[in-house]
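Inspection log for the structure reproduced underneath, given as structure tokens.
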Amino acid sequence: MKHAVLLMAAATLWGGQALAGDFTVTVRGADGKPVPDAVVMVYPNGQPTKGPIKFPWPYRVAQQNIQFSPFMLVVPVGAEVSFPNLDKVRHHVYSFSPGNKFEIKLYGHEENRTAKMSAPGAVAIGCNIHDQMVGFIRVVDTAYAGKTDANGVVTIQDVPPGAVTAKLWHPYMRALKNERALTTTSLGAGPARETVAIDLRAPAEHH
Ligand SMILES: [Cu+2]
């Protein structure tokens, strides 16, 4: 055990390269620029995860500066997402997305509400008071999921070796259901990488 920890420490020291089972996806737009907030979902043997899924980040979308923060949140199916209002103004947060409809009526500064995400899929969230507020939650049924950072990069860690199906979703991707399959179909002895170029449309006009 101690040995494994030392090896991991050494790997981190010497270049920080990814370990076996780590799958790193880099997403760029047609213009070559990094695309943040793209969600990668990996399914070992093509199967959803059985049993509870737990991610290390908070299941939380704050309202701050009349915006949703973060813009994109990945949660497991069944998650209770909290929506704390950190603004001085009131918000009225809702989604009409099938399977995950909810409405949190006007609530004020320092108040918190939660909504349960019951179905895998994309959840567009808005505010009845502030049309410019737009955010997304991706509800997933795999433990192997994450979103790209500001550099357009996400590493899905410790994927079991073997066959996988992997897909990429971004709310503004020009594709059926705004998603596409990745070309990686198996993960083996070493870390795996894939770079994808996607075509994004401009965000939807808000009324
Ligand atoms: Cu609002």
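For the record, in the sequence shown the residue sitting at position 207 is 708 according to the numbering used here, with numbers rising by one throughout. Ideal Cβ placement from N, Cα and C applies to all residues, glycine included.
Between Asn601 and Val635, the beta carbon gap of about 16 Å keeps them out of contact (Cβ cut-off 8 Å). Each residue's CA atom was taken as its position, placing Val562 and Arg681 some 26 Å apart.
Look at Ile699: its beta carbon is at least 6 Å from all of the heavy atoms in ligand 1. Boundaries of the beta strand (DSSP E) around Met573: 573–577. Relative to ligand 1, even the nearest heavy atom lies 6 Å or more away from the CB of His610. From the listed residues Ser570, Thr643, Gly653, the smallest Cα separation to Pro535 is found for Gly653. The beta carbon of Gln658 sits closer than 6 Å to the beta carbons of Asp523 from its chain, once the five residues preceding and following it are set aside; these are given in chain order.
With respect to Asp642, Pro621 sits close: the two C-beta atoms are nearer than 7 Å. Set against 6 Å, the gap from the CB of His631 to the closest heavy atom of ligand 1 is smaller. Distance from the CA atom of Val540 to the CA atom of Met618, rounded to whole angstroms, is 17 Å. By the C-beta density criterion, Phe603 is buried, having at least 16 other C-beta atoms within 10 angstroms.
Set against 6 Å, the gap from the CB of His671 to the closest heavy atom of ligand 1 is not smaller. Taking Tyr595 as reference, the option from Pro577, Arg614, Lys589 with the minimal CA-CA separation is Arg614. For Thr527, the enclosing beta strand (DSSP E) stretches over residues 524–530.
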